[in-house]
Amino acid sequence: MTADAARSGILGALDEHSGPREACGVFGVYAPGQAVAHETYLALYALQHRGQESAGIAVSDGETITVVKDMGLVTQVFDERHLAPLEGHLAIGHVRYSTTGASTWRNAQPVYRSVGDAGFSLGHNGNLTNTVDLAAGLGMLPGVLTSDSELIGELLAREYPPVPRADGRELEHALVKVLPRLAGAFSLVLMDEAHLFGVRDPHGFRPLVLGRTEGGWVVASETCALDIVGAHFVRDVEPGELVAIDATGVRSIRYAPPQPKLCVFEFVYIARPDSYLYGQSVHAVRQRLGEELARQAPCQADLVMPVPESGVPAAQGYARASGIPYGDGFVKNRYVGRTFIQPSQHQRGASVRVKLNPLRENIRNKRVVVVEDSIVRGTTTRQIIALLREAGATEVHMRVSSPPYRWPCFYGLDTGKRSDLLAADMSVGEIADYLGVDSLAYLDLERVVAATGSPGESFCTACFSGRYPVPVPDDDTKFALEPGRRTLHVPGTLEPTERT
Ligand code: SF4
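Here the sequence shown stands for residues 742 to 1241, numbered as in our numbering.
Next up, the structure:
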């Protein structure tokens, strides 16, 4: 598959959805004497919200790595028949939504690479920003590698020592050489036959945590995956840290100085509400975002309602701080997933009805405040507002618990190109007109950061502020693994600079 085909495949898929697509979820476990495939399955199930395109597990029994992966949800890819043969005490798992590379079986993860008689497997959450330079440095033709995760595998394979080391740490040796050359966002889990590794990029864009089970260790994208396997949280894998886990225990290798820039959108939307980030409950932070929103943008209304389900905690917070009664305005069909067959073109306007149906008794003749965590492309939001009008709302006031989403993400969240973003070139007033609301307000970035309890410098806020912590290619090359002329946004500025 060429990069162009990959790109058109991704952008074609974007037309059918209006919200951000999550990036990926990763998990790894090392538990001598225990069978860990089923544990990995459970952890992936807990991380399903981070990626619904494909799922995979790699397991080692100490001598052989076996990989099973396929397109679909975790429960579609794995059943007892698939899990039973996956014997071993060491495993990594991955759920994927593509940010580079098309949605194809080849790009499902974990990626496996054989190197001589040995091999390794890796799972990646994030998005590299220097794929073009790295691929060119390898002398790879465009299209040979179809994802940045494959590229990492190729880089590692080329750094494997030609002769096996006495300590068996060939993959660790390769990682120490390759990791400093990667730019952008990467939370990785890797394994060879005997070792488990967790890696976070120097900015720590995507979360990764270390946990302890009875007799073993785990690494996971989010703490909710620790809960489901009965592990307790030990600590975050630090930005710029490589954690190695094997029969000797846990070792920490610092391969780059930390410059923490956790994705603030993890707090707003991506992470599961029962997870913890920077030591804070995501659910509690989302409720505080709603409270802040009520203080910043009060409203005369009869009912506060969420856009289910991601808007629920913020709506609860808004209601609590405003004193306006909280209630449900929609019933969500819980069984609509990514496998839902989209309606034909002429029915497309009705697609939101498949997912959300208004509770007319709650809405009719009411002034409603509808709370959403974010608006990215806006097409679904517009349909939701129309449904509320049809259901008899006398006034519809939209409140959003994050700032206007104006800049594309290059660090592992699929929001499409800048031209796909509703707020890219529209004022708040223009957006209100487009959505058909009586009033619209977004929460200020300073208030978002304050609600997290962590300092502003510790976050990436690029999609809201345009301040990219790591230089990024222009929109047109966002998904491409091909050389060419590009525009770079220099960190801390909105001004693009040309380079070839
Ligand atoms: S650009 Fe936005 S979504 Fe992407 S890492 Fe930064 S804050 Fe997160």
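Virtual Cβ for every residue (Gly too), placed ideally from N, Cα, C.
Keep in mind the model is a prediction, meaning the values are calculated, not measured.
Can residue i be considered in contact with the ligand SF4, in the sense that its beta carbon sits closer than 7 Å to one or more heavy atoms?
i: residue 927; result: no
i: residue 695; result: The chain is shown from 742 up to 1241; residue 695 falls before or after that span and cannot be answered.
i: residue 1202; result: yes
i: residue 1006; result: yes
i: residue 765; result: no
i: residue 1152; result: yes
i: residue 946; result: yes
Return the Cβ separation of residue i and residue j in integer angstroms, given the expectation that the two are a contact with Cβ distance under 8 Å.
i: residue 1058; j: residue 1013; result: Their Cβ separation, rounded to whole angstroms, is 18 Å, which puts residue 1058 and residue 1013 out of contact at 8 Å.
i: residue 867; j: residue 925; result: 7 Å
i: residue 832; j: residue 766; result: The Cβ separation is near 14 Å, so there is no contact.
i: residue 967; j: residue 950; result: 7 Å
i: residue 809; j: residue 823; result: 6 Å
i: residue 827; j: residue 859; result: Incorrect: roughly 19 Å between the Cβ atoms, too far for contact.
i: residue 1011; j: residue 1154; result: 7 Å
i: residue 1003; j: residue 1180; result: Between residue 1180 and residue 1003 the Cβ distance is about 32 Å, and since that is not below 8 Å, they are no contact.
i: residue 687; j: residue 939; result: Outside the displayed range of the chain (742 to 1241) lies residue 687, so it cannot be described from this structure.
Helix, strand or coil for residue i, going by three-state DSSP, please let me know.
i: residue 805; result: coil
i: residue 904; result: coil
i: residue 1099; result: strand
i: residue 850; result: coil
i: residue 986; result: strand
i: residue 816; result: helix
i: residue 888; result: coil
i: residue 1218; result: Any reading at residue 1218 is ruled out, since the residue's pLDDT is 46, under 50, leaving its predicted position unreliable.
i: residue 928; result: strand
i: residue 865; result: strand
i: residue 855; result: strand
i: residue 919; result: helix
i: residue 941; result: strand
i: residue 1022; result: strand
i: residue 1009; result: helix
Does the CB of residue i have a neighbour CB from chain B at under 8 Å?
i: residue 1037; result: Any reference to chain B falls outside this structure, which holds one protein chain only.
Per the DSSP calculation, residue i is bridged to which residue(s)?
i: residue 1139; result: 1111, 1181
i: residue 1122; result: BP columns for residue 1122 are empty, so no partner.
i: residue 1204; result: Residue 1204 pairs with nothing; no bridge assigned.
i: residue 797; result: 810, 835
i: residue 995; result: 982
i: residue 1044; result: 1109
i: residue 952; result: 959, 974
i: residue 768; result: 834, 961
i: residue 1190; result: Answer is none; residue 1190 lacks a bridge partner.
Does the beta-carbon distance from residue i to residue j come in below 8 Å?
i: residue 1048; j: residue 1189; result: no
i: residue 1065; j: residue 1042; result: yes
i: residue 795; j: residue 811; result: yes
i: residue 1183; j: residue 1145; result: yes
i: residue 1163; j: residue 1208; result: no
i: residue 1193; j: residue 930; result: no
i: residue 830; j: residue 772; result: yes
i: residue 798; j: residue 782; result: yes
i: residue 948; j: residue 981; result: no
i: residue 1109; j: residue 1134; result: yes
Are there any heavy atoms of the ligand ADP lying less than 7 Å away from the beta-carbon of residue i, as far as the coordinates show?
i: residue 1118; result: For the structure depicted, the ligand ADP is absent and the ligand set comprises only the ligand SF4.
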